[in-house]
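Numbering (my numbering), first residue to last: 47 to 529. Ideal Cβ placement from N, Cα and C applies to all residues, glycine included. Working notes, beginning with the structure itself.
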């Protein structure tokens, strides 16, 4: 919302292409199209503040919602704002509703923080909300909506895959993933464009506290977690409801903190003296967050530490924070994106927080550790990390060739008896078809090269290594643009 602790600007290049890759090889259940209907977008809204409004406020809120949903699902061009919305409220009351509406609907990413009111003789009082200039043109906004949908593909897919036997634990695990995802992928930068919207955090990958908070809200709402935005005079954060109680979450500060758990599911007073909620929110019944999550249990936070990762596997441990941790049990789970399924790596084990795991097959995995005390096995904390396991491919190369086109190569760690076969394929993202293949080739060493001359467009190169029996040992992909 306001400027806060400044960080170095880091551009997250090629992220959109990575999501395109995921949609090609991992069956994400999300169509990247701006033609999603109002029911789809409605699931990202929070109705908490709306339910505490009077009838006049609800009438204005409903009108704002209908207008913004029309802009989100169409290519209508506007001139700097959503237009004049008639209302039966005074200027300040109407402005408050506009602000609360924006905070409750992060899916309307094109709205900025400019609110205005006025009077027209033909229909009386009106209000309006500004639209970022780059989102005013309808066709450009449709492309931006597609970019937002593409950025959501991976996190929504993972959220859907997180299902615990206990419903409350499912919500906690999903919330923990969302919190870490935002802290891991977004950079705090005061100069971020579109900084008052989730678009800056999810697509641009750089934002201020408003972008962090609204991205967190949007993903929590998708996950079925009740979540709202609150503000102080110079900051914005979230509150979530878990197992009937409300807790404060600040992903902006979590991104900056040495220990992320310091800002996750806390009592508001335990975050900082600066988290003083503006009086505006009192009118709409902002929940009281008066305790930390799990304060009655011995464990109060946990996170995975990666000690080593090689081509063969991973060595990691679960770092646990709390009191009286003499009898702690750990369970390690894995999720394979290739098969779309969870499996147990190691079942519940007491006082053994370390995991040394060598996967049986190449691919991308989600590794999760669950931890609980023996005395309170129902109070489970967990953390997740991603793991890219490539035991066969040592490196890939793709660079401009002096004679034109691209020089593309692959190197394996070994090639026993020169029996491995190597294959390079090209996928055209525009035509949505494979357009080039070397076939499976034998080589005398551990590397294989080819030259390919592409047309204008966006592509993926698929690198594969096969053993002597024709089984895939490993594969990697690399996205590139020839423009």
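Distance check for residue j and residue i, CA to CA, integer angstroms please.
| i | j | result |
| --- | --- | --- |
| residue 48 | residue 303 | Low local confidence applies: a pLDDT of 36 at residue 48 is under 50, so the model's placement there is unreliable, and no value is given. |
| residue 400 | residue 364 | 7 Å |
| residue 391 | residue 334 | 40 Å |
| residue 330 | residue 296 | 21 Å |
| residue 219 | residue 428 | 7 Å |
| residue 484 | residue 222 | 44 Å |
| residue 112 | residue 469 | 52 Å |
| residue 423 | residue 381 | 23 Å |
| residue 140 | residue 133 | 7 Å |
| residue 101 | residue 143 | 12 Å |
| residue 456 | residue 197 | 29 Å |
| residue 249 | residue 454 | 29 Å |
| residue 201 | residue 224 | 8 Å |
| residue 263 | residue 407 | 36 Å |
| residue 52 | residue 479 | With a pLDDT of 29 at residue 52, under the threshold of 50, the modelled position of that residue is not reliable, and the figure given next carries that caveat. One C-alpha to the other measures close to 44 Å. |
| residue 436 | residue 205 | 25 Å |
| residue 71 | residue 506 | Low local confidence applies: a pLDDT of 34 at residue 71 is under 50, so the model's placement there is unreliable, and no value is given. |
| residue 284 | residue 273 | 7 Å |
| residue 403 | residue 358 | 9 Å |
| residue 348 | residue 356 | 24 Å |
| residue 217 | residue 288 | 7 Å |
| residue 386 | residue 413 | 13 Å |
| residue 243 | residue 159 | 9 Å |
| residue 93 | residue 314 | 22 Å |
| residue 342 | residue 419 | The predicted position of residue 342 is uncertain, since its pLDDT is 44 and thus under 50; a value taken from the coordinates is nonetheless stated next. Cα-Cα distance, rounded: 12 Å. |
| residue 476 | residue 528 | 12 Å |
| residue 473 | residue 493 | 21 Å |
| residue 115 | residue 235 | 29 Å |
| residue 210 | residue 388 | 11 Å |
| residue 255 | residue 122 | 30 Å |
| residue 332 | residue 106 | 20 Å |
Could you give the C-beta distance for residue i and residue j, rounded to a whole number, given that I count them as a contact under 8 Å?
| i | j | result |
| --- | --- | --- |
| residue 227 | residue 89 | 18 Å between Cβ atoms; not a contact. |
| residue 501 | residue 509 | Residue 501 to residue 509, Cβ: 21 Å. No contact. |
| residue 368 | residue 354 | No, residue 368 and residue 354 are not in contact; Cβ-Cβ is about 26 Å, not under 8 Å. |
| residue 95 | residue 174 | Residue 95 to residue 174, Cβ: 20 Å. No contact. |
| residue 120 | residue 184 | 7 Å |
| residue 320 | residue 278 | 6 Å |
| residue 117 | residue 87 | Not a contact, Cβ separation roughly 11 Å. |
Who pairs with residue i in a beta bridge, going by DSSP?
| i | result |
| --- | --- |
| residue 446 | 452 |
| residue 429 | 415 |
| residue 510 | 469, 521 |
| residue 172 | 132, 164 |
| residue 233 | 252 |
| residue 354 | 361 |
| residue 497 | 453 |
| residue 395 | 376 |
| residue 389 | 380 |
| residue 312 | 294 |
| residue 439 | 458 |
| residue 366 | 348 |
Just curious, the alpha helix (DSSP H) that residue i is in, first and last residue?
| i | result |
| --- | --- |
| residue 529 | Premise fails: residue 529 is in no alpha helix (DSSP H) and is neither H nor E. |
| residue 204 | 184 to 207 |
| residue 322 | Residue 322 -> no alpha helix (DSSP H), and no H or E assigned at all. |
| residue 86 | 84 to 88 |
| residue 295 | Residue 295 -> not in any alpha helix (DSSP H); beta strand (DSSP E) instead, spanning 291 to 295. |
| residue 140 | 137 to 150 |
Report all residues from its chain with a CB closer than 6 Å to the CB of residue i; omit the five preceding and five following residues, and keep chain order.
| i | result |
| --- | --- |
| residue 515 | none |
| residue 513 | 519 |
| residue 443 | 455 |
| residue 305 | none |
Note down, in chain order, each residue of its chain lying with its Cβ closer than 8 Å to the Cβ of residue i, except the 5 sequence neighbours on either side.
| i | result |
| --- | --- |
| residue 79 | Low confidence applies to residue 79: its pLDDT is 43, below 50, so where it sits in the model is not reliable, and the reading given next is rough at best. Correct list, in chain order: 192, 195. |
| residue 171 | 132, 133, 134, 135, 136, 137, 140, 163, 164, 165 |
| residue 446 | 452, 453 |
| residue 352 | 360, 361, 362, 431 |
| residue 499 | 450, 451, 452 |
| residue 130 | 164, 166, 172, 173, 174 |
In its own chain, which residues sit with a C-beta less than 7 Å from the C-beta of residue i, not counting the 5 before and 5 after it?
| i | result |
| --- | --- |
| residue 215 | 426 |
| residue 247 | 228, 232, 253, 257, 258, 261 |
| residue 181 | 156, 187, 190 |
| residue 439 | 456, 458, 509, 511, 520, 522 |
| residue 434 | 410 |
| residue 239 | 246, 250 |
| residue 339 | 288, 293, 311 |
What is the residue span of the beta strand (DSSP E) that residue i lies within?
| i | result |
| --- | --- |
| residue 277 | 272 to 277 |
| residue 483 | 479 to 483 |
| residue 287 | 282 to 288 |
| residue 536 | Because the chain here runs from 47 to 529, residue 536 falls outside it and cannot be looked at. |
| residue 247 | Careful: residue 247 lies outside any beta strand (DSSP E) and carries neither H nor E. |
| residue 402 | 400 to 403 |
Measuring from the CB of residue i, is there a heavy atom of the ligand ADP at a distance below 7 Å?
| i | result |
| --- | --- |
| residue 165 | Absent from the structure shown: the ligand ADP. Ligands present: none. |
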